[in-house]
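To start, the structure itself, in structure tokens.
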Amino acid sequence: MRGHVGAAASMLLAAAATTLVLAATFTNASPVSPPSSKTAHGDTRGDAHGSSASKSSSKSSSKSSSTAVLTTSDLRLCVPEIVPCTVRTYYIAADEVEWDYAPTGMDNFAMLPLDESPLAAPFTRQEIPGRIGRKYIKAIYQEYEDATFTQRRPKEDPSLGIVGPILRAEVGDTLRVVFKNNARFNFSLHPHAALYDKNSEGAVGGSINGRGASVAPGETFTYLWFVPDRAGPGPLDLDSIVWAYHSHVSDNDIYAGLYGALVVYKNRGVLDSRNVPRFNSVLFPVQREIVTYWVVMAETLSPYLALNVERYAGNATLTNEEQQLAASLSRATGGVVGGPTGTNTSTLNEIGGGFGGFEESNRMHPINGYGWGNLPGLDFKQNEYVRWYQLGLGTFLDLHVLHWHGITAIVEGHQRDTIELFPATFHVADARMDDPGQWMLHCHVNIHFDDGMIAFFRIHKNENAGTNGHGWAAPANFSNVPAPKALGPVPGQKAIAEASNIRLPDVITTITSSMAAKHGGARNATAATMLGRA
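In numbering that gives the first Met the number 0, the protein residues as written are 0 to 533.
What follows is the structure, encoded as structure tokens:
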């Protein structure tokens, strides 16, 4: 026995000696040559925040595989059992855009223009003094072709809306995410379930923060996330599972618009060299994947609140008393951006007793960033086999019950047409799209439904057919939903500080007090008054 143990120990030592430098195959989502291990861990010299991607690497072919050298420091992340692993590379930027929550201009549930809809108008009318309306400056995750961040990759599915690109991995892979912050605030990427070191955690908290915890404007950082068995499907799960990723400098970063989905597959070989699933195959019989995020977007908690008030609600007289209040809900520190430390945020709801109406009018209820039936891209063929990934984030306001009309789905072994979603919970559902027609997908919490948390999906009898069969008639031309408008260059820190010192219009207190009521009757009466119908 002792001889066998000694022989085994010798073999392990020999294996360790030969694997101090280990080659691993990189499968790239975008053209780039893999970095050295130090670059991958964010140790490139000259970058205070992390690694800068090599400019010379951008000439590689996006479909080619290459080999990188991983040292022993990488083994704990990439090859815990001392075997080669696949590294999938993504280039993700935080970009600023002008986001429109209802770009068709319609409440497609009521089949009315937004300005004529009693439920939508209090949120969407932009000519009302002191109101922001339906358009906001936001930051969203967007994918690029390579490390130069000059050519943006088209969105995989128009139904993703505001949601960032889907990051995909198989169990045992490592994700290498090169992140560039093109926004004006510090942001990051933090994944759920993955295995990472402190530098790649992508979150601020406590006395020790990694280099990727807070990436400054204009900086680039490379995250390494290993995908172990515990991040993959469990015994009762389907053969893929979904997790969230989001910015985690502040818990309010999600209200800027920075969140996405990480999908992990159980079977090896499901993903091709472009990180795209082999749909409708023996390994993965699913024909399409859909991601939906259910988040009440509290725009008064967004770091862009001050800028949005300045840009969209600056059409009324200002008072000294309201100085800097637009920024006081920004970030999680409880202070005013560019103002005195410790400013009391409760003041926002106390001045004139009417600020609750302003806050309510900026509490949007979208699905993937679109409300009132404006979400595009949910078109399916009859009997198409679709996997739905449903995700929730937010606060106690985000207690959702999503409901499909027209279909049922297998959810954790049960046949259902509803799913309960809470903040930071994620579900996977398989559905056969069998009943032709146009159907609703909505939150069954009544207040959320009233506030526009509604989308429509269409099941076509054949590839070229319009919306025929059962259900409602198509209310809008969803193929013409415009892309979000990109913003100009990011201003300097001085301009940011100046923008943070704006004041809220005093007219808010006279036109929005009744909007604080949470019951439908009071809210409808307020909406009717605003529309001149009372």
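Using N, Cα and C, we set each Cβ at its ideal position, and we do this for glycine too.
For PRO190, which three-state DSSP category applies? Under the three-state reduction of DSSP output, PRO190 falls in the strand class.
With 16 other Cβ atoms within 10 Å as the buried cut-off, status of SER280: Exposed is the label assigned to SER280, since fewer than 16 other Cβ atoms lie within 10 Å of its Cβ.
Compute the beta-carbon to beta-carbon distance between PHE122 and SER360, rounded to the nearest angstrom, for a pair I have assumed lies under 8 Å. With a contact defined as Cβ atoms closer than 8 Å, PHE122 and SER360 qualify at about 6 Å.
Cutoff 7 Å; reference GLY231; Cβ partners in own chain excluding five residues on either side: Cβ neighbours of GLY231 beyond the five flanking positions: VAL170, ILE240, VAL263, LYS265.
Three Cβ pairs or more, each shorter than 8 Å: is that satisfied between the region 150-161 and the region 128-136? Too few Cβ pairs lie closer than 8 Å, so no.
Which same chain residues end up closer than 6 Å to GLU358 when comparing Cβ atoms and leaving out the 5 residues on each side of it in sequence? Same-chain partners within the cutoff: THR299.
Which whole runs of the alpha helix (DSSP H) in the region 83-150 are 4 residues long or more, in chain order? Taken in chain order, the whole alpha helix (DSSP H) runs of length 4 or more contained in the region 83-150 are 120-123.
Which whole-angstrom value is the C-beta distance of PHE379 and ILE458, which I expect to be below 8 Å? For a cut-off of 8 Å, the C-beta gap from PHE379 to ILE458 is around 5 Å, short enough to register as a contact.
Does the distance from the C-beta atom of SER246 to that of HIS189 stay below 9 Å? When the beta-carbon positions are compared, SER246 and HIS189 come within less than 9 Å of each other.
LYS460 at chain D interface by Cβ criterion, 9 Å: Absent from the structure: chain D. Only one protein chain is present.
Could you check the C-alpha separation between VAL382 and VAL294 for me, to the nearest Å? In the sequence as presented, Val is not what sits at residue 382; that position holds Asn. Answer to the nearest angstrom: the Cα atoms are 29 Å apart.
Which first and last residues belong to the alpha helix (DSSP H) in which GLY447 is found? It is worth fixing the name first, because residue 447 is His in this sequence and not Gly. In this chain, the alpha helix (DSSP H) harbouring HIS447 covers 445-449.
Taking the alpha-carbon positions, what's the ASN461 to PRO375 distance? In this structure, the alpha-carbon of ASN461 lies about 19 Å from that of PRO375.
Evaluate MET110 with the Cβ neighbour count: other Cβ atoms within 10 Å of its Cβ, from every protein chain shown; 16 or more gives buried, anything less gives exposed. Flag for MET110 reads exposed.
If we ignore side chains and look at the alpha-carbon of each, how far apart do PHE225 and ARG267 end up? Taking the straight line from one Cα to the other gives about 15 Å.
In its own chain, which residues sit with a C-beta less than 7 Å from the C-beta of LYS484, not counting the 5 before and 5 after it? The beta carbon of LYS484 lies closer than 7 Å to those of VAL96, GLU97 in the same chain, with the five residues before and after it left out.
Ignore the nearest five residues each way along the sequence and tell me which others in GLN125's own chain have a CB closer than 8 Å to its CB. Cβ within range, chain order: ILE131, GLY132, ARG133, LYS134, TYR311.
Mapping DSSP to helix, strand and coil, what is GLU170? As written in the sequence, residue 170 is Val, which differs from the Glu given in the question. Annotated three-state conformation of VAL170 is coil, per DSSP.
Quick one, are the C-beta atoms of PHE220 and GLY211 less than 9 Å apart? Going by C-beta atoms, PHE220 is nearer than 9 Å to GLY211.
So is PHE421 buried or exposed if we call it buried at 16+ other beta carbons inside 10 Å? Looking at its Cβ environment, which holds fewer than 16 other Cβ atoms inside 10 Å, PHE421 is exposed.
Candidates ARG386, HIS404, GLY256, of which the one nearest LEU237 by Cα: LEU237 has its Cα closest to that of ARG386, out of ARG386, HIS404, GLY256.
Any beta strand (DSSP E) of 3 or more consecutive residues that is wholly inside the region 192-279: Runs found: 219-225, 239-245, 258-264.
Using alpha carbons as the reference points, say which of GLN389, ASP450, PRO302 lies closest to SER139. Residue 139 is actually Ile in this sequence, not Ser. Out of GLN389, ASP450, PRO302, PRO302 has the C-alpha closest to the C-alpha of ILE139.
GLY405, enclosing alpha helix (DSSP H) - first and last residue: Per DSSP, GLY405 belongs to no alpha helix (DSSP H) and is neither H nor E.
Would you mind reading off the limits of the alpha helix (DSSP H) that contains ARG310? It spans 304-311 - the alpha helix (DSSP H) in which ARG310 sits, taken as one unbroken run.
Does DSSP put GLY436 in a helix, a strand or coil? Of the three classes helix, strand and coil, the one that applies to GLY436 here is strand, per DSSP.
Whose C-alpha, out of ALA454, TYR388, GLN286, ALA297, is nearest the C-alpha of MET432? That would be GLN286, whose Cα lies nearest to the Cα of MET432.
Please determine, among VAL269, ILE453, ARG362, the residue with the shortest C-alpha to C-alpha distance to LEU282. Taking LEU282 as reference, the option from VAL269, ILE453, ARG362 with the minimal CA-CA separation is VAL269.
Quick one: measure Cβ to Cβ for ILE453 and MET439, integer angstroms, because I've assumed they're closer than 8 Å. Indeed they touch by this definition, with Cβ atoms about 6 Å apart.
Taking the Cβ atom as the reference point for each residue, do VAL275 and ARG167 lie within a distance shorter than 9 Å? Result yes, Cβ atoms of VAL275 and ARG167 sit closer than 9 Å.
Inter-residue spacing [alpha-carbon to alpha-carbon] between GLY205 and VAL248: C-alpha separation (whole angstroms): 12 Å.
Where GLN437 and SER213 are concerned, what is the direct C-alpha to C-alpha distance, given to the nearest angstrom? Whole-angstrom Cα-Cα distance: 44 Å.
CB contact flag (LEU235, GLU411, <9 Å): Against a cut-off of 9 Å, the Cβ pair of GLU411 and LEU235 comes out as a contact.
Cross-strand partners of ASP378 (DSSP beta bridge): Paired residue(s): ARG457.
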